[in-house]
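Data first, discussion second: the structure below is written as structure tokens.
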């Protein structure tokens, strides 16, 4: 009998010791598409977390942005995905939640630090469950070579006419390519083109929500006008822009060969490191002087919990920390250009990032028009917008034809547009 | 009379290959075909028969994309047949010339790209042809052809042909090696007998060597066909999954990838993806059958 008890006791202590030991050694892996940020996570963010949370190790394991969704879905299906999952906004994450690949995090204390708009990108349609902790948004606009502008005596344009006058002046001087963007990879045309300048025409949230409600259509003037402007861009993009890739454009700008770069604020870190000239930024120019301005302040990145994770407790601890002011400050300053979505008043040091975020005060914020609900069906509106924007800039399709094609595609499956 | 004993050693020797091949090829193949007959409705997988194929071939949305990819694929194959294989045969004929010096060097140099990764080839050529940093514009400038340089990979009319030629550059070593081996196996006596009858030089190639290497050319054609209709990597590495500009470089492989795994905001649809994969399988199967039953059985073989 005593032997049995002893055995049971030994067994119990072994199990206990085992659990204690494993609690000491939890390793959390993060799935992400931000492979550009690998060093920041390894050198700044993760050490800051681990310093206050002994026993939890965090590993950041990113994959290439264009492959992330496919890779992640395959990993989740196979059960080999990491504990924490970086969330794309809207439907990609919503589908993961509905398939049981993201846990409901509504009960997380840190959720109180985020406004409902910030949470909306990672909520069910009825808002009853939030499944990712919002991390950051990105703002669109134009970054320019301030030295080149000074050299040519140019001012930041505020209206579309001024914008094209500036482009003409740069073109005439001949020393710089007026604008650095290519259409080889297609997405820049839609993201830094159409969705960058568009909100000024469709009046931001007003037009976006009307489109979702079916009150406006993509063939309305407000939605075709941005394509008319894009069609004029082609003349200023430099020779061979048809085969110019995204990294080509980044390099053209940071090497000082191009004067203006249609940008997302996520470029700031890279540009600060690469460019050796002064940079400035201006928001998308408005059609007429005195118009109200709108910017794309896109909810871009969040982080959620894989329900299949064996380390859910430690992962929740990490997520609570992601929602804290400490994380918001570290992240916004480590990655200038990714602006915190939390309610904390985060102080940022980078002047270019400050410039971008200051537009939140002057202009109305909206998000990319194609992301919420409208890209749920086949054909996929976002992917079609890439194609249409690239075609319009290339001059291969007229703005009206492109808009009609998009509208037909959307109407083929989206009831409010039928 | 005693029954002959079961020859276990045959089973034992076949087993590893059969088991491995079944596990990693046959089972996934049939599983893909099976998956094509299902669809997901309200998060459960339901059997829908041939509905996915009806959508693929009947719905203009899908059939246009499919026919575009299929047409591009045929063009891709045609370029290989018209450029890669004749050049491969020509190179082999030159290499097998007994008086050619440094033959081993040329053979190796031409074959090396074949063992490079698609990704390296794709990126290297993208850089070579880049209108901004590439060496192609500079080289053309040096010989006064500057005006003829275009961003070929970015133009709808030229992108697919350019990619096909890049693929030809990469794989021309394979037909060259196969034909080279076939040419070397032609006995000297036959050629000498021809010489006695006055057939030498180019005539010897056309009248003696070419008929003797026809079976090899047949094999190369079918390998090219299967390889081209399964192609994916080069297009993906050079143009991305959206196979721009305006889907002009979209082939069945990239179309299947986009559908199966999804892309950006488009979510993956394994069932439609499997339907496309099954269609690809059928196309390749038909092509191979035409070759096997229509051509190979009629081909004359010579025993030396």
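Chains as they are written, first to last, in this note's numbering: chain A, 3 to 420; chain B, 9 to 312. Each residue gets a CB set at the ideal place from its N, CA and C atoms; glycine is no exception. All of these numbers come straight from a predicted model, not from anything done at the bench.
Locate the alpha helix (DSSP H) running through residue i, then write down its first and last residues.
| i | result |
| --- | --- |
| residue 93 (chain B) | 93-103 |
| residue 185 (chain B) | 181-192 |
| residue 204 (chain B) | 196-204 |
| residue 148 (chain A) | 148-154 |
| residue 53 (chain A) | 48-54 |
| residue 284 (chain A) | Per DSSP, residue 284 (chain A) belongs to no alpha helix (DSSP H); it is in the beta strand (DSSP E), 281-284. |
| residue 225 (chain A) | 223-235 |
| residue 17 (chain B) | 16-29 |
| residue 276 (chain A) | 270-276 |
| residue 185 (chain A) | No alpha helix (DSSP H) contains residue 185 (chain A), which DSSP labels as neither H nor E. |
Tell me, please, which residues DSSP counts as bridged to residue i.
| i | result |
| --- | --- |
| residue 2 (chain A) | Not covered by the structure: residue 2 (chain A). The range shown for chain A is 3 to 420. |
| residue 47 (chain B) | B:54 |
| residue 299 (chain A) | A:141 |
| residue 387 (chain A) | Bridge partners of residue 387 (chain A): none, in fact. |
| residue 341 (chain A) | A:139 |
| residue 116 (chain A) | A:344 |
| residue 255 (chain A) | In DSSP, residue 255 (chain A) forms no bridge with anything. |
| residue 304 (chain A) | A:89 and A:136 |
| residue 161 (chain A) | A:288 |
| residue 271 (chain B) | B:274 |
| residue 246 (chain A) | In the DSSP output, where bridge partners are listed per residue, residue 246 (chain A) has none listed. |
| residue 125 (chain A) | A:132 |
Which bits of chain A does residue i rub up against, with CB to CB less than 9 Å?
| i | result |
| --- | --- |
| residue 138 (chain B) | 242, 245, 246, 247 and 250 |
| residue 269 (chain B) | 69, 71, 72, 73, 75 and 76 |
Residue range of the beta strand (DSSP E) that residue i falls in?
| i | result |
| --- | --- |
| residue 287 (chain B) | That residue, residue 287 (chain B), is in no beta strand (DSSP E); its alpha helix (DSSP H) goes 278-297. |
| residue 266 (chain A) | 260-266 |
| residue 366 (chain A) | 366-368 |
| residue 180 (chain A) | 179-181 |
| residue 88 (chain A) | 86-89 |
Taking C-beta pairs closer than 8 Å, name the residues in chain B that residue i reaches, listed in chain order.
| i | result |
| --- | --- |
| residue 384 (chain A) | 272, 273 and 274 |
| residue 377 (chain A) | 273 and 274 |
| residue 254 (chain A) | 140 |
Using a Cβ cut-off of 8 Å (strictly closer), state whether residue i contacts chain B.
| i | result |
| --- | --- |
| residue 416 (chain A) | no |
| residue 2 (chain A) | No statement about residue 2 (chain A) is possible, as the shown extent of chain A runs from 3 to 420 and does not include it. |
| residue 24 (chain A) | Confidence in residue 24 (chain A) is poor, its pLDDT being 45 and thus under 50, which makes the residue's placement unreliable; the coordinate value appears in the next sentence. No, residue 24 (chain A) does not count as interfacial toward chain B. |
| residue 93 (chain A) | yes |
| residue 220 (chain A) | no |
| residue 233 (chain A) | no |
| residue 373 (chain A) | yes |
| residue 405 (chain A) | no |
| residue 283 (chain A) | no |
| residue 409 (chain A) | no |
| residue 150 (chain A) | no |
List the residues of chain B whose Cβ lies closer than 9 Å to the Cβ of residue i, in chain order.
| i | result |
| --- | --- |
| residue 388 (chain A) | 250, 252 and 272 |
| residue 140 (chain A) | Near residue 140 (chain A) there are no residues of chain B at all, since even the closest Cβ is about 15 Å away, more than 9 Å. |
Say whether chain A places a C-beta atom closer than 8 Å to the C-beta of residue i.
| i | result |
| --- | --- |
| residue 126 (chain B) | no |
| residue 69 (chain B) | yes |
| residue 144 (chain B) | no |
Determine the chain E residues that contact residue i at a beta-carbon separation under 7 Å, and present them in chain order.
| i | result |
| --- | --- |
| residue 86 (chain A) | Any reference to chain E falls outside this structure, whose protein chains are A and B. |
Quick one: list the residues of chain B neighbouring residue i, beta-carbon separation under 7 Å, in chain order.
| i | result |
| --- | --- |
| residue 97 (chain A) | 275 |
### Task
Give, in chain order, every residue of the region 229-259 of chain B whose Cβ lies closer than 8 Å to some Cβ of chain A.
Result list: 247, 248, 249, 250, 252, 253, 254 and 255.
### Task
Compile a chain-ordered list of the residues in the region 162-190 of chain B whose CB is closer than 9 Å to at least one CB of chain A.
Within the region 162-190 of chain B, the residues whose Cβ lies closer than 9 Å to some Cβ of chain A are 162, 163, 164 and 167, listed in chain order.
### Message
Using a Cβ-Cβ cutoff of 9 Å, what residues of the region 391-403 of chain A are near chain B? List them in chain order.
### Response
Listed by position along the chain: 392, 393, 396, 398 and 399.
### Query
Taking any Cβ of chain A, which residues in the region 148-162 of chain B have a Cβ under 9 Å from it, in chain order?
Per Cβ criterion, the list reads 157, 158, 159, 160, 161 and 162.
### Where the region 184-218 of chain A meets chain B: residues whose CB sits under 8 Å from a CB there
So the list reads 184, 185, 186, 187, 188 and 189, given in the order they occur along the chain.
#### Entry: chain B contacts from the region 261-278 of chain A (Cβ-Cβ distance under 8 Å)
Cβ contacts with chain B: none found.
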